[in-house]
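Visitor: Just dropping this structure here.
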Amino acid sequence: MKQQSLSMTGYFDKGKTTRREQFLAEMEQVVPWARLCAQIEPHYPKGSAAGGRPPLPLQRMFRIYCLQQWYNLSDPGAEEALYDSLTMRRFAGVHTDADIIPDETSILKFRRLLEEHKLTEQLFREINAHLSERGLLVGKGTIVDATIINAPPSTKNAKQQRDPEMHQTRKGKQWYFA
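Residue numbers (this note's numbering): 3 to 180.
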């Protein structure tokens with residue numbers, strides 16, 4: 003058994019389960035991972051006899067692809083999310099420092115492999131059918147990192163009228179004009 007990295011210890015005893023953790027735990031249980039990976043496996047590279055870098059585990063790559071779809075992540079965004087989110091790393095099967103997080107090019111190549119063999123629609127149709135049998139529905143989500151940029155508090159323009167594009171928002175107990 004592989005040893006967990008120091009960064010992974012203690013995190014999962016934090017006492018609160020996030021919505022992302024709840025969603026991914028449910029997907030872990032209800033998606034037929036082995037059956038879906040079996041459909042991809044005939045098209046997935048086996049490695050080269052001439053050496054070179056061996057392919058990453060198929061199920062890890064497929065789980066990352068699902069994360070991309072569920073959270074509307076680009077290839078670079080998926081790589082970054084895996085580095086940023088312990089929950090996503092754990093879902094993808096990255097449990098130790100020895101487990102490799104694929105770079106954006108590897109993620110892109112896997113996505114193109116699925117598209118080239120016309121597997122994407124078939125796989126998600128099967129996932130959605132499997133989920134609907136259990137009364138579940140999955141849509142796309144988005145991870146948003148919004149930065150509030152404060153504008154001057156005056157909302158009057160040269161015509162002494164409110165700027166129709168000016169809005170206000172609140173973060174905590176502080177109001178901002180944006």
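Backbone N, C-alpha and C fix where the C-beta goes; we use that ideal spot for every residue, glycine too.
Using a Cβ-Cβ cut-off of 8 Å (strictly less than) and excluding sequence neighbours within five positions of G2, which residues of its own chain qualify?
Guide: Past the edges of the chain, shown from 3 to 180, lies residue 2, and the structure says nothing about it.
Visitor: Whether or not the region 103–110 and the region 70–79 are in contact is what I'm after, with contact meaning three or more pairs of Cβ atoms, one per stretch, closer than 8 Å; do they touch?
Guide: yes
Visitor: List the endpoints of the continuous alpha helix (DSSP H) containing A83.
Guide: 77–86
Visitor: If I'm right that L60 touches I42 with Cβ under 8 Å, what's the distance once you round it to whole angstroms?
Guide: 6 Å
Visitor: Who are the Cβ neighbours of P34 in its own chain at under 7 Å, not counting the five residues just before and after it?
Guide: Exclusion of the five residues before and after P34 leaves H132 as the residues of its chain whose Cβ lies within less than 7 Å of its Cβ.
Visitor: Count the other CB atoms within 10 Å of the CB of R136; is the residue buried (16 or more) or exposed (fewer)?
Guide: exposed
Visitor: Using the C-alpha atoms, what's the distance from T19 back to E123?
Guide: A straight-line Cα-Cα distance of about 31 Å links E123 and T19.
Visitor: Per DSSP, what kind of secondary structure is H45 in: helix, strand or coil?
Guide: helix
Visitor: Which residue from E118, F25, F64 puts its Cα closest to that of G95?
Guide: F64
Visitor: Is it buried or exposed for Y67, if we count other Cβ within 10 angstroms and need 16 for buried?
Guide: buried
Visitor: Taking the straight line between their C-alpha atoms, what separation do you get for T89 and L38?
Guide: 22 Å
Visitor: Quick check on N130: does DSSP put it in helix, strand or coil?
Guide: helix
Visitor: How far does the alpha helix (DSSP H) with L115 in it extend, from its first residue to its last?
Guide: 106–118 is the extent of the alpha helix (DSSP H) around L115.
Visitor: Look at the alpha carbon of R21 and the alpha carbon of K161, and state the distance between them as a whole number of angstroms.
Guide: Cα to Cα, the separation comes out at about 46 Å.
Visitor: Mapping DSSP to helix, strand and coil, what is L26?
Guide: The three-state secondary structure of L26, taken from DSSP, is helix.
Visitor: Look at E28 and L125 and say whether their C-beta atoms are less than 9 Å apart.
Guide: no
Visitor: Could you compute how far the alpha carbon of Y85 sits from the alpha carbon of Q31?
Guide: Straight-line Cα distance between these residues: approximately 24 Å.
Visitor: Start and end of the alpha helix (DSSP H) containing I66?
Guide: 60–73
Visitor: I need the DSSP call for G143, collapsed to helix, strand or coil.
Guide: Residue confidence for G143 is low, a pLDDT of 47 falling below 50, so the modelled location carries little weight; the figure read from the coordinates is stated next. In the structure shown, G143 sits in coil (DSSP, three-state: anything other than H, G, I, E or B).
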